[in-house]
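Trainee: Please find one structure pasted underneath; my questions will follow.
Number of protein chains: 2
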Amino acid sequence: MSAELRKHIEEIVSLTDDEFEHINEHFKIKHLKKHQYLIQEDEHVKYMYFVIKGLLKATFTDVNGKEYIIQFAMENWWISDFKAFYQNAKSITNISCLENVELLSISRENLNKICSENHKMEHFFRVKNSYGYIALQQRILSLLSTSPKERFEQFSNQYPQLGQRVSKTIIAAYLGISRETLSRLSVKV
Amino acid sequence: MSAELRKHIEEIVSLTDDEFEHINEHFKIKHLKKHQYLIQEDEHVKYMYFVIKGLLKATFTDVNGKEYIIQFAMENWWISDFKAFYQNAKSITNISCLENVELLSISRENLNKICSENHKMEHFFRVKNSYGYIALQQRILSLLSTSPKERFEQFSNQYPQLGQRVSKTIIAAYLGISRETLSRLSVKV
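Right, here's the structure in full:
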């Protein structure tokens with residue numbers, strides 16, 4: 001029984017104890033240590049994950065070996081290679097742990113099952129997906145229109161916790177700016 | 001009665017005639033001419049729109065007057081300032097018509113109503129939102145990791161129609177590359 005998951009779902013919909021217990025049975029707990037991989041490139045992706053504790057990063061590595069950060073996930077965030085997860089395809093990303101993590105996993109089949117069995121869960125994930133869409137649109141706007149300085153300030157304001165838990169090299173890869181530029185900015189801010 | 005909307009919804013869920021008729025009643029038709037605005041910056045956004053015919057762009061203008069393209073929308077796409085729409089807030093974007101358009105509008109209240117009345121519609125929009133999320137993640141990856149040349153090639157492959165209907169200046173603003181760079185690329189490709 002995950003109190004964190006229940007609290008997270010109930011920010012959007014209310015559930016009875018029986019409803020939550022049934023939903024909860026479709027999730028499995030998973031522990032990984034810092035540096036371990038949750039998903040590796042080219043694997044079939046069957047699960048998405050809710051983070052109870054810890055921090056992860058999803059990265060894409062280009063042909064030259066350069067790494068780009070697609071997303072972070074910390075407490076109460078969801079993570080997967082969502083394209084591969086939804087489309088039953090192979091991952092193009094690596095997802096690894098920046099800290100020891102405790103996760104809840106749910107398979108695509110079980111996600112569809114709990115959504116189809118309980119209209120409230122379908123609503124919950126519709127709303128969560130719309131929040132996710134909005135957040136990505138903001139990130140695109142930020143990548144297109146802001147200077148490295150503005151981008152770093154936006155990131156620090158939006159995710160004050162992350163700035164403390166993640167190295168400067170990794171933040172730079174997320175923001176699409178060089179490590180050197182970020183160092184200059186973080187001294188000033 | 002919009003055959004286009006029904007066909008679009010039924011790509012994901014099947015509806016009876018009565019169900020579709022009831023859903024359809026929550027949409028209103030809207031016509032705008034090329035160059036007209038659908039949403040202007042700083043307006044409250046009450047509707048999202050399904051495109052039956054035509055082409056639109058959503059743009060963000062920075063303090064220096066430079067314009068960035070957040071999204072396009074053509075036949076069978078949805079468009080709005082989604083952040084403002086979902087959060088009942090003011091638009092930060094301008095949405096204008098690149099061609100004469102025919103749209104179906106639905107208010108936030110009616111969207112929630114049809115989703116809550118009909119589980120299939122909640123499912124439809126959950127799935128649509130997940131597709132939207134995936135598409136934006138791909139765009140972020142492209143902005144972070146690809147050269148202007150690769151980005152233009154991806155765009156041309158992904159949206160062959162759009163390349164024919166939109167000016168080079170506008171495509172450049174969407175891809176975050178200069179008009180001059182794009183001109184060099186489009187001659188070569």
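Heads up: the protein sequence lines correspond to chains A and B, in order.
Per full-length UniProt numbering, the very first residue in the first sequence carries number 1; after that it's consecutive.
Per full-length UniProt numbering, the very first residue in the second sequence carries number 1; after that it's consecutive.
No residue lacks a Cβ here, since even glycine has one placed at the ideal position from N, Cα and C.
So is S2(A) in contact with chain B if we call contact Cβ pairs under 7 Å?
Mentor: Not an interface residue.
Trainee: Relative to the C-alpha of V101(B), which candidate in M121(B), T181(B), E109(B) and W77(B) has its C-alpha closest?
Mentor: It is W77(B) whose Cα lies nearest to the Cα of V101(B).
Trainee: Please tell me whether V189(B) has its Cβ less than 7 Å away from any Cβ of chain A.
Mentor: Low per-residue confidence applies at V189(B): pLDDT is 49, beneath 50, and the placement is therefore not dependable, though the value from the model is reported in the following sentence. Answer no: the Cβ-Cβ gap between V189(B) and chain A never drops below 7 Å.
Trainee: Taking the alpha helix (DSSP H) that N112(B) falls in, what are its first and last residues?
Mentor: R108 to E117 is the span of the alpha helix (DSSP H), which, as asked, contains N112(B).
Trainee: Can you tell me whether DSSP reads M48(A) as helix, strand or coil?
Mentor: Three-state result, M48(A): strand.
Trainee: Can you give me, in chain order, the residues of the segment 144-164 of chain B that have a beta carbon less than 7 Å from any beta carbon in chain A?
Mentor: Under the 7 Å Cβ criterion, the segment 144-164 of chain B contributes L144 and S145.
Trainee: Within the 7 Å Cβ cut-off, does E10(B) reach chain A?
Mentor: Not an interface residue.
Trainee: Any C-beta of chain A sitting closer than 7 Å to the C-beta of R126(B)?
Mentor: By this cut-off, R126(B) is an interface position.
Trainee: Taking N64(A) as the reference, give the member of P160(B), I177(B), S145(B) and I170(B) with the closest Cα.
Mentor: Checked all of P160(B), I177(B), S145(B) and I170(B); the closest Cα to N64(A) is S145(B).
Trainee: Along the segment 72-106 of chain A, where does the CB come closer than 7 Å to a CB of chain B? Name the residues.
Mentor: If the cut-off is 7 Å between Cβ atoms, the segment 72-106 of chain A has F82, K83 and Y86 near chain B.
Trainee: Who are A73(B)'s beta bridge partners in DSSP?
Mentor: Note: A73(B) sits in a beta bridge opposite L56(B).
Trainee: Chain B beta carbons: is any one of them nearer than 7 Å to that of F60(A)?
Mentor: It does; some Cβ of chain B falls within 7 Å.
Trainee: Would S80(B) and K30(B) be called neighbours here (beta carbons separated by less than 7 Å)?
Mentor: Cβ distance not < 7 Å, so S80(B) and K30(B) don't count as in contact.
Trainee: What number of angstroms, rounded off, separates the C-alpha of S142(B) from the C-alpha of R184(B)?
Mentor: For S142(B) and R184(B), the distance between alpha carbons rounds to 19 Å.
Trainee: What does H119(A) reach in chain B if we use C-beta pairs closer than 7 Å?
Mentor: Within 7 Å Cβ-Cβ: H119 and E122.
Trainee: Hey, how far is the Cα of I52(B) from the Cα of E41(A)?
Mentor: Their backbone Cα atoms lie some 39 Å apart in a straight line.
Trainee: For R139(B), go through chain A and note every residue whose CB falls closer than 7 Å to its CB, in chain order.
Mentor: Simply I140.
Trainee: With which residues is N94(B) paired in a DSSP beta bridge?
Mentor: T59(B).
Trainee: Within 10 angstroms of the Cβ of V189(B), are there 16 or more other Cβ atoms? Answer buried if so, exposed if not.
Mentor: Summary for V189(B): the model assigns pLDDT 49, below 50, so the residue's position carries little reliability, and this model does not support an answer.
Trainee: Of the choices K128(A), K46(A) and I95(A), whose alpha-carbon is the least far from that of K33(A)?
Mentor: Ranking K128(A), K46(A) and I95(A) by Cα distance to K33(A) puts I95(A) first.
Trainee: Classify R179(A) as buried or exposed, calling it buried when 16 or more other Cβ atoms lie within 10 Å of its own Cβ.
Mentor: That one is exposed.
Trainee: Report the neighbours of G65(A) on chain E: residues whose CB is nearer than 9 Å to its CB, in chain order.
Mentor: Here the protein chains are A and B, and chain E is not one of them.
Trainee: Of all the CB atoms in chain B, is at least one closer than 7 Å to the CB of K113(A)?
Mentor: Output row for K113(A): interface = no.
Trainee: Taking E25(A) as the reference, which of L5(A), N129(A), Q36(A) and I12(A) has the closest Cα?
Mentor: Out of L5(A), N129(A), Q36(A) and I12(A), L5(A) has the C-alpha closest to the C-alpha of E25(A).
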